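Take 1 as the starting number for the sequence shown in the UniProt record's numbering and just add one per residue. Just so it is clear, CB atoms sit at the ideal spot from N, CA and C, and this is done for glycine as well. Computed from a predicted model, the values in this text were never measured in an experiment. The next block holds one structure in the form of structure tokens; read it before the comments.
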Amino acid sequence: MNDRKEYSIAVILHATGRARYEGKKERDIADYLGVDPSNISKYKNGKSILSPNNIRLLIKKYGQPVRESGLYLETEICDTIESYIARTEKRLINGITQVLSDYFNNSQVLTSLADIVSDHVVEPPFVFSSGCAPRNVPRVLAWLAENINTEVFIHWYESYLRHMASQSKDDIQKHHFIEPKELRLGQQSDEWQKSMIDQFDNPLMHLLGYYHQLDPTFSVAAPAPTPVTPDIRTIHEVVLTGSPILTMRSDALNVDISPIDLFMKTQPVATPSMLLNERNKEIPPDSVKYLYGALNKAILRKSEVELYLNPDMQYRVKITETWGDDNVSTVIIRRLPADRIVENYTQLQEFFLVSISKATDLKTAIAERGGFLPGVTLL
Numbered sequence: 001m002n003d004r005k006e007y008s009i010a011v012i013l014h015a016t017g018r019a020r021y022e023g024k025k026e027r028d029i030a031d032y033l034g035v036d037p038s039n040i041s042k043y044k045n046g047k048s049i050l051s052p053n054n055i056r057l058l059i060k061k062y063g064q065p066v067r068e069s070g071l072y073l074e075t076e077i078c079d080t081i082e083s084y085i086a087r088t089e090k091r092l093i094n095g096i097t098q099v100l101s102d103y104f105n106n107s108q109v110l111t112s113l114a115d116i117v118s119d120h121v122v123e124p125p126f127v128f129s130s131g132c133a134p135r136n137v138p139r140v141l142a143w144l145a146e147n148i149n150t151e152v153f154i155h156w157y158e159s160y161l162r163h164m165a166s167q168s169k170d171d172i173q174k175h176h177f178i179e180p181k182e183l184r185l186g187q188q189s190d191e192w193q194k195s196m197i198d199q200f201d202n203p204l205m206h207l208l209g210y211y212h213q214l215d216p217t218f219s220v221a222a223p224a225p226t227p228v229t230p231d232i233r234t235i236h237e238v239v240l241t242g243s244p245i246l247t248m249r250s251d252a253l254n255v256d257i258s259p260i261d262l263f264m265k266t267q268p269v270a271t272p273s274m275l276l277n278e279r280n281k282e283i284p285p286d287s288v289k290y291l292y293g294a295l296n297k298a299i300l301r302k303s304e305v306e307l308y309l310n311p312d313m314q315y316r317v318k319i320t321e322t323w324g325d326d327n328v329s330t331v332i333i334r335r336l337p338a339d340r341i342v343e344n345y346t347q348l349q350e351f352f353l354v355s356i357s358k359a360t361d362l363k364t365a366i367a368e369r370g371g372f373l374p375g376v377t378l379l
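Next comes the structure, spelled out in structure tokens:
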């Protein structure tokens, strides 16, 4: 809808409302403007637009159209809590997948993976040396691509996640990628019959396993980018009426991205220089520091959730999101039925992993504003 049509509709709706309040009819407005009465309904639904002169006449007689005061925002709009949760989960997983796809399809990264696995062997007393001759890179990657699908790797992947989730940062370095006795990968050739990956490369190798879960078709031996739906957000100009009656803040989501959390947690230990304090320097896209920064930007770091109640007793939720360190965006959830408001708000608390506010806090806030509370006796 263009601005002129929208303003025309606002003017005629305001005029007909004022006329009705004064005991007059739409025909009286038509006579005042010198138009056929059937035109009034066309002005109201936008099929016809008031002329500039008729707009001036209506404003002179009935005044400018008036709206509730409120907060002007440029924001996304979600109809329901369910659609917001689905949108946020999709944006999060798509963002992570895109970062991992870009990273693990980088030829230098693939060479680094071959160096990590190594074309050397480990002999007692387990003196380890890493590295891979360029001529052996394709064969090492082929071995890794094959073994990442084995039960042995999956067992390590899951046990590593469980183990590391309970470890302090000081203890993280003690857990090897392949335990010599229990978790050794079952190589298919004698060349790499004994292989051990250094513990400082564990987080990256585990992240490769997670990416393989997101895209089972990906192979380090024949890499190809993962198709990811572009993150297209529609921004609307809105005026949010009413005021917040309850606010909660969160730095987590009820979405399992534990492999990413683990990777981010381990980096200061694995490579202390990767604290991203060199923000003004260009970081090569094949470095783990680059991966850390890219993943950080893809993650929803914190959220402020405000429940609004307007003069018409309609509920809205305003969510201020911070993706990464400084990418701030706003989302409005506009449809929250009054008879399900407690259930809806609890649903948001569960998604944001917030348990500070109780149902009684919400009901108290609603009662103070005169909102409807199902099942409550009004005395």
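Same chain, Cβ closer than 6 Å to residue i, five either side skipped, listed in chain order
i           : result
F263        : P203, L207
G371        : L309, M313
G242        : Y308, L309, N310
D286        : N106, Q108, V109
V140        : A114, V117, D119, C132
W323        : L300
residue 413 : No answer is possible for residue 413: the residues shown for the chain start at 1 and end at 379.
Counterpart residues of residue i in DSSP-defined beta bridges
i           : result
residue 380 : An answer regarding residue 380 cannot be provided, because it is not within the stretch 1 to 379 covered by the chain.
K302        : T322
residue 392 : The question about residue 392 has no answer, for the chain in this structure spans 1 to 379.
Residue i, enclosing beta strand (DSSP E) - first and last residue
i    : result
I319 : 315-323
S329 : 327-336
L71  : 70-78
Rounded C-alpha distance that separates residue i from residue j
i    : j    : result
L214 : N147 : 17 Å
Q188 : A252 : Note that Q188 has pLDDT 39, beneath the 50 cutoff, so the model's placement of it is unreliable and no number is given.
I299 : R135 : 38 Å
P216 : A338 : 44 Å
K47  : S41  : 9 Å
V342 : A359 : 7 Å
L373 : I257 : 37 Å
V238 : D361 : 28 Å
E6   : L379 : 44 Å
A270 : K90  : Any reading at A270 is ruled out, since the residue's pLDDT is 42, under 50, leaving its predicted position unreliable.
R4   : L13  : 14 Å
L353 : S8   : 46 Å
N344 : R334 : 12 Å
Y62  : R18  : 7 Å
E26  : N2   : 25 Å
A367 : E350 : 23 Å
L73  : Y210 : 38 Å
I245 : E304 : 13 Å
H175 : K265 : For H175, the predicted model reports a pLDDT of 48, less than 50, meaning its position is unreliable; a value from the coordinates is still stated below. Cα-Cα distance, rounded: 14 Å.
M164 : V228 : 29 Å
I81  : P230 : 22 Å
Y103 : K318 : 34 Å
L50  : R233 : 33 Å
S329 : P37  : 46 Å
L144 : P223 : 13 Å
H212 : S219 : 8 Å
L240 : A365 : 19 Å
A142 : K302 : 40 Å
L71  : K363 : 24 Å
The alpha helix (DSSP H) enclosing residue i, as first and last residue numbers
i    : result
G17  : 3-21
T377 : Premise fails: T377 is in no alpha helix (DSSP H) and is neither H nor E.
S118 : It is not in any alpha helix (DSSP H) - S118 carries neither H nor E in the DSSP assignment.
L362 : 359-368
S101 : 81-104
I29  : 26-33
S159 : 151-165
R56  : 52-62
G131 : That residue, G131, is in no alpha helix (DSSP H); it is neither H nor E in DSSP.
P138 : 137-147
V342 : 341-351
S38  : 38-45
P65  : Careful: P65 lies outside any alpha helix (DSSP H) and carries neither H nor E.
L207 : 202-214
Neighbourhood of residue i by C-beta distance below 8 Å, restricted to the same chain and skipping five residues each side
i           : result
P138        : A221
I96         : L214, I257, I260, L295, A298, I299
residue 380 : For residue 380 there is no data in the structure shown, the boundaries of the chain being 1 and 379.
L57         : Y32, L33
I55         : Y7, S8, V11
Short CB-CB distance (under 9 Å) between residue i and chain C
i    : result
V317 : Of the protein chains in this structure there is only one, and it is not chain C.
Own chain, CB closer than 7 Å to residue i, minus 5 neighbours either side, in chain order
i    : result
N39  : A30, S48
K181 : Its pLDDT being 31, under 50, K181 is placed unreliably by the model, and nothing is read from it.
V331 : T75, E76, C78, Y84, I319, E321
In the region 216-250, which residue ranges form an unbroken beta strand (DSSP E) of at least 3 residues, counting only runs that do not cross its ends? 236-241, 243-250
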